[in-house]
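Report on the structure given below.
Residue numbers (my numbering), protein chains in the order written: chain A, 108 to 266; chain B, 257 to 1040.
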């Protein structure tokens, strides 16, 4: 079952769209699920489908089309590192190598304690601060250096 | 209208139409994959790029609206370059191994690659591979790597079948067609996706690697299943039917057929086929020559006629038999002096016999369904009983029509239903009466005194009022009665009230024909109240057991309204003659089994629910010793010295039967002289609601292996709603015993909120429920 919190959020979202076009809220609904659970299971997709009165496969299409939906558990904090051109020129490979050395995980993997997951990301539109990564798609961290990464991870460890 | 020029040809086309539409009109072929005239426009394959003068780049013909004065070139340098380029892209990931592909030889991609592609590929890198997924027993996705992502299958699901079971997951290079978490594709129209797929990505599982397309001869035929009479192309290899595909006929099946029409051919080659005439002697079946078997039958019938009178002989035929067979059966019976002949095996109310203005039919041409804006559909498992008629209604709904349902089960019709009244079978008549009452007051029309008196005390339910309001707002209304309504013990009352409703809103009123010859049977006079000798109907010949029964492809325990009664009558009879294409339970009670040819092995005619007579030829020779039933009946006629049995072809039979008859004059849904009755009290016991599952409805489909493995063929469960389950102290999944009359069956119980309180839904037509009694009536449910 979708939690009442998620249902409330979806209901608020639904007010933005005509009554007969509930499926317009599917992207938000998927986001709410991910915000709460960290990832979206196929069961969640089924529930969103029945909540919005749309085919399960249509929800699945959306969930698999967009990169930022996690279709498997990706840790408490998902670190998405941009590897597009600007970031790569500014040292994205070093960022990845440092994170891998520090956390022991590569792209698409999660640390044994379930705290961190790492994903490869696409351009985040903030190239002036390259290299970049996001935490749980919410917090953007730029101008990454080993020191800055240590600092961010220390903060995350505490929270 | 707009004038445009395509390849120098001037063509006039409607405003809002596309270049592709105009090209069809001008008879210019533009290559395409994703475009399909019955589906929405996707414009994602880009194969139909053409040059339009003054446009800076090639434009997709399928998605570009035609504009006044437009000049289109489909073979200019720009167009050819675009087509070549697109073809090269499409072939990048497509395996180039046509010789081992099941689609080879009938593949649009293959054809267009020859016509528009380059001779060699410049792409030497690795190709994308997609792992096959399991999506059920009918469609194979084993070659999904061949997919060019035209999304025809996805759009078919969304738009025609009404359920999106396939979708395109992932993105760009990783995009692939799949179902949700490997669930099976259960649509009753799913097989059409195989035809739609322009490449070999979706192929027919039963047909896979059975033959190459160029080895097949294609023979036209007509579906023997539902009342629509879909046009078929039967594909034959080595005198064996190996595949069935649709033949386009916009007035009937458009370019679709249901899975039942498509895959039931598997039964034709089933091991259960009866291949030689057999006689039971001393409890043992022995195979005999045709002459001996027919002599035996003729002698038996002669003896019974002499000793007990011809009225002690009854003949029952399925409505799936051809028109010629039905005609000869009744002619034979009447020739020996018995009028006991009927084909309405699942019907129980015969009180309208002789009072009808004609043969019950759809009440309009099939294609008119699309134009209706209000529907009242009473007593129909619409989707499963009439998959393609349901599809037409779905299209009408898409264009704004409202559907109202009065029924005893709330199955998902895969279309928005405006209003529904789900009531027990006993309440069906009164619910329709309520709709009539509400409609009369909305329209301020005075009904006849007789009806008025009946309606006075009736309280109109909310649902009935809403249905009436919906109907009252329509310009082109259709009131349609399904199989359930026709099988109902008060079928005539249901029809009478429905007819009144139809009259009040100026609606077309019709019956959805259950089987291929539901109309043809009447016209062939295979009914006890027609012709020179009158007799007993299908129910009466069981209630008053006869000494001999002639069964034309009937399996009494599965095809009759009351299998319990039917089996008793068969077992007690002195002689039962089974004319059947299959060995079946008749081996227990019959005395003679005569192997007759199914519809692919005989010529014949089906007259569909809209009164269109469609004749077909045999696609293959009859298997082994099997013979067309019309020939068997002709010889029986000769042996019994009945006059006028000298036909040399089935066409001669048809021409005699239809001599001087215009079918349209014989059709009519009005009944006169029926006394209206409304019973408002319901029995205290649980009432049985019976559907005939889609793949158990006739002898052929019951033996089609692949269809039998689908979810629609699961062993029937007993369905009750939760409140009834609680009352009985049962839980979903419990094993229970249902008892009807003096027989009971052990089944599993399932919760279904679509079943009204006071009712229990149990399917017929399946061996698990074959011992039970009538399709309607009360039934006991208890823990096993």
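By construction, the Cβ of each residue, glycine as well, lies at the ideal position given by its N, Cα and C atoms.
From residue i to residue j, what distance separates their C-alpha atoms?
i: residue 790 of chain B; j: residue 609 of chain B; result: 11 Å
i: residue 623 of chain B; j: residue 678 of chain B; result: 28 Å
i: residue 145 of chain A; j: residue 278 of chain B; result: 52 Å
i: residue 753 of chain B; j: residue 177 of chain A; result: 57 Å
i: residue 268 of chain B; j: residue 258 of chain B; result: 6 Å
i: residue 426 of chain B; j: residue 168 of chain A; result: 7 Å
i: residue 273 of chain B; j: residue 322 of chain B; result: 6 Å
i: residue 1037 of chain B; j: residue 963 of chain B; result: 30 Å
i: residue 722 of chain B; j: residue 568 of chain B; result: 51 Å
i: residue 129 of chain A; j: residue 121 of chain A; result: 6 Å
i: residue 745 of chain B; j: residue 945 of chain B; result: 12 Å
i: residue 141 of chain A; j: residue 259 of chain A; result: 22 Å
i: residue 243 of chain A; j: residue 251 of chain A; result: 17 Å
i: residue 452 of chain B; j: residue 368 of chain B; result: 16 Å
i: residue 404 of chain B; j: residue 424 of chain B; result: 11 Å
i: residue 715 of chain B; j: residue 690 of chain B; result: 7 Å
i: residue 118 of chain A; j: residue 156 of chain A; result: 14 Å
i: residue 987 of chain B; j: residue 994 of chain B; result: 15 Å
i: residue 724 of chain B; j: residue 774 of chain B; result: 30 Å
i: residue 841 of chain B; j: residue 595 of chain B; result: 26 Å
Does residue i come out as helix, strand or coil in the three-state DSSP assignment?
i: residue 228 of chain A; result: strand
i: residue 280 of chain B; result: helix
i: residue 450 of chain B; result: helix
i: residue 513 of chain B; result: coil
i: residue 582 of chain B; result: helix
i: residue 643 of chain B; result: helix
i: residue 134 of chain A; result: helix
i: residue 902 of chain B; result: coil
i: residue 934 of chain B; result: coil
i: residue 540 of chain B; result: strand
i: residue 164 of chain A; result: helix
i: residue 194 of chain A; result: helix
i: residue 245 of chain B; result: Since the first and last residues shown for chain B are 257 and 1040, residue 245 of chain B lies out of range.
i: residue 831 of chain B; result: strand
i: residue 237 of chain A; result: coil
i: residue 355 of chain B; result: helix
i: residue 626 of chain B; result: helix
i: residue 401 of chain B; result: helix
i: residue 992 of chain B; result: strand
i: residue 735 of chain B; result: strand
i: residue 329 of chain B; result: strand
i: residue 218 of chain A; result: coil
i: residue 1002 of chain B; result: strand
Our contact map puts residue i next to residue j with C-beta atoms below 8 Å; I'd like the distance itself, whole angstroms only.
i: residue 966 of chain B; j: residue 497 of chain B; result: Contact doesn't hold; Cβ gap of about 20 Å is too wide.
i: residue 630 of chain B; j: residue 733 of chain B; result: 4 Å
i: residue 1072 of chain B; j: residue 799 of chain B; result: Because chain B here runs from 257 to 1040, residue 1072 of chain B falls outside it and cannot be looked at.
i: residue 739 of chain B; j: residue 573 of chain B; result: No, residue 739 of chain B and residue 573 of chain B are not in contact; Cβ-Cβ is about 18 Å, not under 8 Å.
i: residue 304 of chain B; j: residue 291 of chain B; result: 6 Å
Going by the C-beta, is residue i closer than 8 Å to any heavy atom of the ligand SAH?
i: residue 265 of chain B; result: No copy of the ligand SAH appears in this structure; indeed no ligand is present at all.
(message) Under 8 Å, with one C-beta from each stretch per pair, do the region 856 to 876 of chain B and the region 526 to 534 of chain B reach the 3-pair mark?
(response) no
(message) Short of 7 Å Cβ to Cβ, which residues in the region 172 to 188 of chain A face chain B?
(response) 172
(message) Count Cβ pairs between the region 1000 to 1007 of chain B and the region 976 to 983 of chain B that sit closer than 8 Å; are there 3 or more?
(response) Taking a contact to require three or more Cβ pairs closer than 8 Å, the region 1000 to 1007 of chain B and the region 976 to 983 of chain B qualify as touching.
(message) At a CB distance below 7 Å, what residues from the region 121 to 150 of chain A approach chain B? Give them in sequence order.
(response) 149
(message) Three or more C-beta pairs under 8 Å: does that hold for the region 540 to 556 of chain B against the region 645 to 657 of chain B?
(response) no
(request) Pull out every residue of the region 703 to 719 of chain B whose Cβ sits closer than 9 Å to any Cβ of chain A, in chain order. (result) none
(request) Mind the definition here: the region 944 to 957 of chain B touches the region 472 to 482 of chain B only if three or more C-beta pairs lie below 8 Å; say whether that holds. (result) yes
(request) Taking 8 Å as the threshold, find out whether the region 434 to 448 of chain B comes into contact with the region 392 to 399 of chain B through three or more Cβ pairs. (result) yes
(request) Could you name the residues of the region 152 to 165 of chain A whose beta carbon sits closer than 9 Å to any beta carbon of chain B, in the order they occur along the chain? (result) 152, 153, 156, 161, 162, 163, 164 and 165
(message) Counting beta carbon pairs with one atom in the region 657 to 672 of chain B and one in the region 495 to 511 of chain B, are three or more of them shorter than 8 Å?
(response) no
(request) Give the residues from the region 412 to 424 of chain B that approach chain A closer than 9 Å (Cβ to any Cβ), ordered along the chain. (result) Cβ contacts with chain A: 413, 414, 419, 420, 421, 422, 423 and 424.
(request) Below 9 Å between beta carbons is the criterion; list the residues of the region 430 to 447 of chain B that meet it against any residue of chain A, in chain order. (result) Under the 9 Å Cβ criterion, the region 430 to 447 of chain B contributes 430, 431, 434, 435, 436, 437 and 439.
(message) Output needed in chain order: residues of the region 200 to 217 of chain A with a Cβ under 9 Å from some Cβ in chain B.
(response) Taking a C-beta cut-off of 9 Å against chain B, none of the residues of the region 200 to 217 of chain A qualify.
(message) Would you call the region 187 to 198 of chain A in contact with the region 228 to 236 of chain A, where contact means no fewer than 3 C-beta pairs closer than 8 Å?
(response) yes
(request) Using a Cβ-Cβ cut-off of less than 7 Å, give me the residues of the region 452 to 473 of chain B that come near chain A, in sequence order. (result) Going along the region 452 to 473 of chain B in chain order, one finds no residue with a Cβ nearer than 7 Å to chain A.
(message) Which residues of the region 224 to 245 of chain A have a Cβ closer than 9 Å to any Cβ of chain B? Give them in chain order.
(response) none
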